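Student: Here's a structure for you.
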Amino acid sequence: MGAQPAAPEIPLPPEPQSVEQTGLTLGFLSDLALKTLYLRGQMTMAEIGSALGLPIPNVTERIMDFLKNERLVEIRGGAGLSSANYQFVIVDRGSEKAQEALARSQYVGKAPVPLATYVQAVQLQSIANLHVTQDDLVRAFAHGKTTIAEVLASLMKGDVVLPYAVEVDQQVVKVYDQVYHRVALDPVVAERLRFDHRWVVSKRPIVMTGGELTLETLDLIYDETSKFYEAPFQMKANGGIFMVDDFGRQRVSPKDLLNRWIVPLEKRVDYLTLHTGKKIEIPFDMLIIFSTNLDPADLVDEAFLRRIRYKIGIEAPSVEQYDEIFKRICARKGIDYKTEAMSQILAHYRKKNLGLRSCHPRDIVEQLIDTARFLGRPAQLTPDLIEMACDSYFVSLDPSGNPPGA
Numbered sequence: 201m202g203a204q205p206a207a208p209e210i211p212l213p214p215e216p217q218s219v220e221q222t223g224l225t226l227g228f229l230s231d232l233a234l235k236t237l238y239l240r241g242q243m244t245m246a247e248i249g250s251a252l253g254l255p256i257p258n259v260t261e262r263i264m265d266f267l268k269n270e271r272l273v274e275i276r277g278g279a280g281l282s283s284a285n286y287q288f289v290i291v292d293r294g295s296e297k298a299q300e301a302l303a304r305s306q307y308v309g310k311a312p313v314p315l316a317t318y319v320q321a322v323q324l325q326s327i328a329n330l331h332v333t334q335d336d337l338v339r340a341f342a343h344g345k346t347t348i349a350e351v352l353a354s355l356m357k358g359d360v361v362l363p364y365a366v367e368v369d370q371q372v373v374k375v376y377d378q379v380y381h382r383v384a385l386d387p388v389v390a391e392r393l394r395f396d397h398r399w400v401v402s403k404r405p406i407v408m409t410g411g412e413l414t415l416e417t418l419d420l421i422y423d424e425t426s427k428f429y430e431a432p433f434q435m436k437a438n439g440g441i442f443m444v445d446d447f448g449r450q451r452v453s454p455k456d457l458l459n460r461w462i463v464p465l466e467k468r469v470d471y472l473t474l475h476t477g478k479k480i481e482i483p484f485d486m487l488i489i490f491s492t493n494l495d496p497a498d499l500v501d502e503a504f505l506r507r508i509r510y511k512i513g514i515e516a517p518s519v520e521q522y523d524e525i526f527k528r529i530c531a532r533k534g535i536d537y538k539t540e541a542m543s544q545i546l547a548h549y550r551k552k553n554l555g556l557r558s559c560h561p562r563d564i565v566e567q568l569i570d571t572a573r574f575l576g577r578p579a580q581l582t583p584d585l586i587e588m589a590c591d592s593y594f595v596s597l598d599p600s601g602n603p604p605g606a
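To convert, note that position 69 of the sequence shown is 269 in my numbering; the numbers rise steadily by one, no gaps.
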């Protein structure tokens with residue numbers, strides 16, 4: 201048998217030993233358990249505890265005892281003597297209460313953690329504690345990563361713990377997002393470790409946004425139907441990287457966007473608004489990157505640029521660098537590299553007076569693979585496949601805006 205995956209090196213939140221230690225009220229937890237049972241049907245005590253991310257002794261047991269004493273649920277048997285095996289079903293009165301709870305909030309899942317607990321966790325895992333040297337940077341780029349964001353993420357060593365959801369004033373804010381939060385702890389290992397399972401161990405997040413970014417998406421997103429909140433991009437990025445791609449091409453103006461972030465960029469805290477009007481303070485703890493191919497001076501004034509402390513120009517690749525990128529892409533795609541193929545591709549640049557771009561090798565190779573698949577041929581750097589890929593990729597338009605011959 202192979203070795204079991206190791207437990208994470210980071211400290212895990214301790215398992216709560218009582219309802220009080222969860223930081224939530226018995227009423228809140230009872231509503232959550234009742235909604236879960238109502239939607240899923242008959243469940244064992246162990247299944248309910250797992251669904252809520254809570255231990256059975258003194259926590260899930262107390263919740264279910266409360267619901268049973270209130271005549272909202274019943275026990276319908278169970279194998280063995282352990283309370284973990286008790287089978288619970290919801291009764292008519294319980295169904296009515298569950299519907300009332302769902303009308304207030306349709307959130308069903310892991311129990312949230314209090315806002316104050318979340319804030320403390322982010323501060324303990326701050327990116328300010330990370331140290332990156334020049335040698336680290338050189339080694340990271342030598343690994344052939346495809347994007348600068350991926351390289352920077354690889355330099356942000358270690359994992360983070362983040363909650364599935366946060367509770368504030370009996371309201372739920374969903375934080376965990378499988379798009380950005382890559383689970384780092386093997387499920388088998390997680391199952392046998394005793395810790396607060398309302399938290400998930402994740403790789404440091406990489407959140408990337410582009411033209412879809414608006415001022416509204418930078419605040420708590422309240423769903424009128426589900427009656428709970430989705431955390432904004434920057435809250436999901438805490439402890440990792442937040443990259444605003446194509447800065448200056450959003451529907452919101454660069455000035456309005458940076459006005460929104462004056463305080464977060466300087467104070468490292470952000471203020472979000474509940475639909476009740478109450479503002480809450482959360483950490484703004486991430487490496488934020490603005491990527492643009494526009495002149496920064498045309499986007500914002502000098503005062504704003506000062507708040508973005510580091511500006512790095514990314515130059516177009518040289519022919520040698522372009523060739524190296526092309527070799528790596530070919531190797532990754534399982535295609536034999538040929539020097540004459542590069543000469544043929546570069547001829548297209550000279551013919552059409554185009555500038556080299558680092559993304560072009562990947563795009564051309566993928567175009568070639570698609571063309572070969574369509575023709576039922578193996579993907580190889582043959583002159584005809586290269587010609588078809590380049591003609592398609594570098595399509596030129598005449599002054600009317602149409603392809604030649606159209």
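Built from N, CA and C at the ideal position, the CB exists for glycine as well. Being a predicted model, the structure only gives us computed values, none of them experimental.
For V322, which of helix, strand or coil comes out of DSSP?
Tutor: V322 falls in the helix class under three-state DSSP.
Student: Look at the Cβ atom of T417, then the Cβ atom of F447, and state whether they are nearer than 8 Å.
Tutor: Not a contact, by the Cβ cut-off of 8 Å.
Student: What span of residues does the beta strand (DSSP E) with K310 cover, start to end?
Tutor: Segment: none, K310 is in no beta strand (DSSP E) and carries neither H nor E.
Student: How about K357 and L330: do their beta carbons lie closer than 8 Å?
Tutor: Result yes, Cβ atoms of K357 and L330 sit closer than 8 Å.
Student: Please return the same chain residues whose Cβ sits closer than 6 Å to the Cβ of L494, not counting the five positions on each side in sequence.
Tutor: The answer, listed in chain order, is G448.
Student: Provide the residue span of the beta strand (DSSP E) that contains V273, from first to last.
Tutor: Looking at the DSSP string, the run of the beta strand (DSSP E) that includes V273 is 273 to 275.
Student: Taking DSSP as the reference, what is the three-state secondary structure of I508?
Tutor: Coil at I508, not helix or strand.
Student: So, do the region 417 to 437 and the region 376 to 394 have three or more beta carbon pairs nearer to each other than 8 Å?
Tutor: The region 417 to 437, when compared against the region 376 to 394, does touch it at the 8 Å Cβ threshold.
Student: With a threshold of 6 Å on Cβ separation, who are the neighbours of L420 within its own chain once the five nearest residues in sequence on each side are excluded?
Tutor: Y429, L472.
Student: Skipping 5 residues on each side, what residues in its chain have a beta carbon closer than 8 Å to that of A390?
Tutor: Hits under 8 Å: H397, V401.
Student: Roughly how many angstroms separate the alpha carbons of H343 and M408, rounded to a whole number?
Tutor: With a pLDDT of 48 at H343, under the threshold of 50, the modelled position of this residue cannot be trusted, and the question is left open.
Student: Grouping DSSP H, G and I as helix and E and B as strand, with all else coil, what is M408?
Tutor: In the structure shown, M408 sits in a strand (DSSP, three-state: E or B).
Student: Closest by CA to P255, which one among P216, L272, Y286, D423?
Tutor: Among P216, L272, Y286, D423, the Cα nearest to that of P255 is on P216.
Student: I488 and F526 - do their beta-carbons sit closer together than 8 Å?
Tutor: Against a cut-off of 8 Å, the Cβ pair of I488 and F526 comes out as no contact.
Student: Pick helix, strand or coil for T244, following the three-state DSSP scheme.
Tutor: Strand, per DSSP.
Student: Residue ranges of each beta strand (DSSP E) run of no fewer than 3 residues wholly in the region 334 to 405, ordered along the chain?
Tutor: Complete beta strand (DSSP E) runs here, min 3: 359 to 363, 365 to 368, 371 to 374, 399 to 403.
Student: For a test of the three-state rule: what should DSSP assign to K552, helix, strand or coil?
Tutor: K552: helix per DSSP, three-state reduction.
Student: Determine the direct distance from the alpha carbon of Q325 to that of L581, and round the result to whole angstroms.
Tutor: One C-alpha to the other measures close to 48 Å.
Student: Helix, strand or coil, according to DSSP, for E466 in the structure here?
Tutor: E466: helix per DSSP, three-state reduction.
Student: Let me make sure I understand the geometry here. Which of L267, T244, T260, K297 has the alpha-carbon closest to that of R276?
Tutor: For R276, the nearest C-alpha among the options comes from T244.
Student: If you run the structure through DSSP and keep just helix, strand and coil, what is V444?
Tutor: DSSP places V444 in strand when its eight states are reduced to three.
Student: Got a sec: does the ligand GDP put a non-hydrogen atom nearer than 7 Å to the Cβ of T225?
Tutor: You won't find the ligand GDP in this model; it holds no ligand whatsoever.
Student: So the beta strand (DSSP E) Q287 belongs to, where does it begin and stop?
Tutor: Note, Q287: beta strand (DSSP E), 287 to 290.
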